[in-house]
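Here's the structure we're looking at; comments come further down.
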Ligand SMILES: NC(=O)c1ccc[n+]([C@@H]2O[C@H](COP(=O)([O-])OP(=O)(O)OC[C@H]3O[C@@H](n4cnc5c(N)ncnc54)[C@H](O)[C@@H]3O)[C@@H](O)[C@H]2O)c1
Ligand SMILES: NC(=O)c1ccc[n+]([C@@H]2O[C@H](COP(=O)([O-])OP(=O)(O)OC[C@H]3O[C@@H](n4cnc5c(N)ncnc54)[C@H](O)[C@@H]3O)[C@@H](O)[C@H]2O)c1
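Chains as they are written, first to last, in the numbering used here: chain A, 447 to 647; chain B, 447 to 647.
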């Protein structure tokens, strides 16, 4: 089992390599990566060596080859459809951002509990009512979801998603979600990010 | 020097302990913490032992005592004023969320480059023009900032913040910011979060 903290760094490496590719950079050293990402180069080499021997002596890593390898490791070589529940301030901003990113993780369904939101269009997606959630998740074999509803509604939304077959949830509501074995929850919280940053002041 | 990955877990422990305190829980074991946070209990014990001996044999950790200690370690025992630049979809959602959290990390100033945004009120804060940013940061001795402007504007906003004395930046724009030694940038990206989650599917 690979430590979670290593897995969390892989998309950061991937994003960086994709930025280099947009500047037509062919190779990059772990030193350069470490400097740009504010990470320890030895840590980067150690992380990547878990997955294979990608480095070329004296040249560093081949950028596009390593990016492909990381995409495969993360399972991003095929589209990962996602539903988002709670199309408020935050949900709308995340949906818009997702549209412009070229990632395999694609929001394909928007759901909300408020009648006034139903039918609103965000890019090519229309907000659907919660009654349609379970059928939509099952019919489209959705395994991942984003929760951006208020804290009080989050657990019941989570339960509905899990019952429909979702296995991975990115939760923005400030509550600890209870899920059965086999379902993974990742919490994202700007307050936690700011507090970690505060340590370095 | 304590590894960054340990520092990033401390606010997660703190948030969890605060949730326990709201349920009047006095003590908690590392087993229970590990189960609730989906973390390895041995890792939790190792992280906390870096900062002192908080555990009580057979009882676990005293919740409020440990929460106080973690707040002090992170420097949250005093208010940390923050400016946010770019009061669009995402910026507005973060500002609203920050208002409702009881954290020491407090957004005290909002800035935006679009004339139509100036004067908009978010809670008790009014959006100010970019011309006022440097004076505001200097006069209020602000050391931390959030960037939620479009990618094309992010580096120039970052430069202005650094010139005014900001030392820690939470960046949401999808670009790698260049900063001098002594300034810390933390990037937050929902795509990176989703891609890390994809690994577990
Ligand atoms: N983690 C972070 O960094 C962060 C940042 C901002 C906001 N938040 C949190 O994200 C959530 C959303 O914030 P926001 O500012 O977008 O709020 P919002 O009120 O603008 O949006 C919430 C949306 O959820 C919908 N909703 C409410 N109950 C529902 C239910 N039972 N089923 C389906 N939909 C339901 C509402 O109709 C609304 O559209 C809140 O929990 C907030 O605390 C977290
Ligand atoms: N990291 C993430 O997970 C994530 C999620 C959503 C959006 N984003 C990013 O966050 C940023 C904001 O997204 P949004 O949906 O809120 O966009 P938005 O267009 O709604 O808001 C951007 C705001 O920045 C202001 N602005 C533009 N140029 C400026 C400048 N030079 N100086 C000061 N203010 C300026 C605009 O007036 C606007 O109010 C974008 O870069 C977007 O890509 C990131």
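C-beta: ideal position from N, C-alpha, C; glycine also.
C-alpha gap between residue i and residue j, whole angstroms
i                      : j                      : result
residue 471 of chain A : residue 479 of chain A : 12 Å
residue 601 of chain B : residue 594 of chain B : 11 Å
residue 623 of chain B : residue 604 of chain B : 7 Å
residue 560 of chain B : residue 575 of chain B : 8 Å
residue 512 of chain A : residue 488 of chain A : 17 Å
residue 588 of chain B : residue 580 of chain A : 47 Å
residue 506 of chain B : residue 453 of chain B : 21 Å
residue 558 of chain B : residue 614 of chain B : 19 Å
residue 500 of chain A : residue 508 of chain A : 8 Å
residue 638 of chain A : residue 464 of chain A : 27 Å
residue 591 of chain A : residue 544 of chain A : 13 Å
residue 645 of chain B : residue 551 of chain A : 11 Å
residue 527 of chain B : residue 586 of chain A : 45 Å
residue 536 of chain B : residue 617 of chain A : 16 Å
residue 542 of chain A : residue 468 of chain B : 35 Å
residue 566 of chain B : residue 578 of chain B : 15 Å
residue 596 of chain A : residue 619 of chain A : 6 Å
residue 493 of chain B : residue 631 of chain A : 22 Å
residue 477 of chain B : residue 462 of chain B : 14 Å
residue 570 of chain A : residue 538 of chain A : 13 Å
residue 458 of chain B : residue 504 of chain A : 40 Å
residue 634 of chain A : residue 573 of chain A : 23 Å
residue 484 of chain B : residue 516 of chain B : 20 Å
residue 647 of chain B : residue 640 of chain B : 11 Å
residue 547 of chain A : residue 553 of chain A : 11 Å
residue 456 of chain A : residue 520 of chain A : 8 Å
residue 643 of chain A : residue 466 of chain B : 24 Å
residue 514 of chain B : residue 460 of chain B : 9 Å
residue 563 of chain A : residue 629 of chain A : 29 Å
residue 549 of chain B : residue 518 of chain B : 13 Å
residue 524 of chain A : residue 510 of chain A : 17 Å
residue 502 of chain B : residue 606 of chain A : 39 Å
residue 486 of chain A : residue 473 of chain A : 18 Å
residue 598 of chain A : residue 475 of chain A : 47 Å
residue 498 of chain B : residue 522 of chain A : 42 Å
Which of helix, strand or coil DSSP assigns to residue i
i                      : result
residue 450 of chain A : helix
residue 635 of chain B : coil
residue 560 of chain B : coil
residue 519 of chain B : helix
residue 507 of chain B : strand
residue 626 of chain B : coil
residue 615 of chain B : strand
residue 496 of chain B : coil
residue 555 of chain A : strand
residue 501 of chain B : strand
residue 457 of chain A : helix
residue 527 of chain A : strand
residue 608 of chain A : helix
residue 603 of chain B : helix
Integer Cβ distance of residue i from residue j, believed to fall under 8 Å
i                      : j                      : result
residue 533 of chain B : residue 568 of chain B : 7 Å
residue 626 of chain A : residue 612 of chain A : Wrong, their Cβ atoms sit about 11 Å apart, outside the cutoff.
residue 699 of chain B : residue 540 of chain B : Residue 699 of chain B is absent from the model: chain B starts at 447 and stops at 647.
residue 610 of chain A : residue 636 of chain A : Incorrect: roughly 28 Å between the Cβ atoms, too far for contact.
residue 448 of chain B : residue 490 of chain B : Their Cβ separation, rounded to whole angstroms, is 15 Å, which puts residue 448 of chain B and residue 490 of chain B out of contact at 8 Å.
residue 621 of chain B : residue 451 of chain A : Actually they do not touch by this definition, with Cβ atoms about 24 Å apart.
(request) May I have a chain-ordered list of the alpha helix (DSSP H) segments no shorter than 4 residues that lie completely inside the region 570-599 of chain B? (result) Scanning the region 570-599 of chain B for uninterrupted alpha helix (DSSP H) segments of 4 residues or longer gives 579-585, listed from N- to C-terminal end.
(message) Quick check on the contact list: which residues have their beta carbon closer than 6 Å to a heavy atom of ligand 2?
(response) Those residues that have a beta carbon less than 6 Å away from any non-hydrogen atom of ligand 2 are, in order along the chain, A/539, A/540, A/542, A/543, B/531, B/532, B/533, B/534, B/535, B/536, B/537, B/558, B/559, B/560, B/563, B/576, B/594, B/595, B/596, B/597, B/599, B/603, B/618, B/619, B/620, B/634, B/635, B/636.
(message) Threshold first: 4 residues or longer. Then list the alpha helix (DSSP H) segments lying entirely within the region 462-490 of chain A, N to C.
(response) As far as the region 462-490 of chain A is concerned, its whole alpha helix (DSSP H) runs of at least 4 residues are 476-483.
(request) Could you name the residues of the region 612-625 of chain B whose beta carbon sits closer than 7 Å to any beta carbon of chain E, in the order they occur along the chain? (result) The structure shown contains no chain E; its protein chains are A and B.
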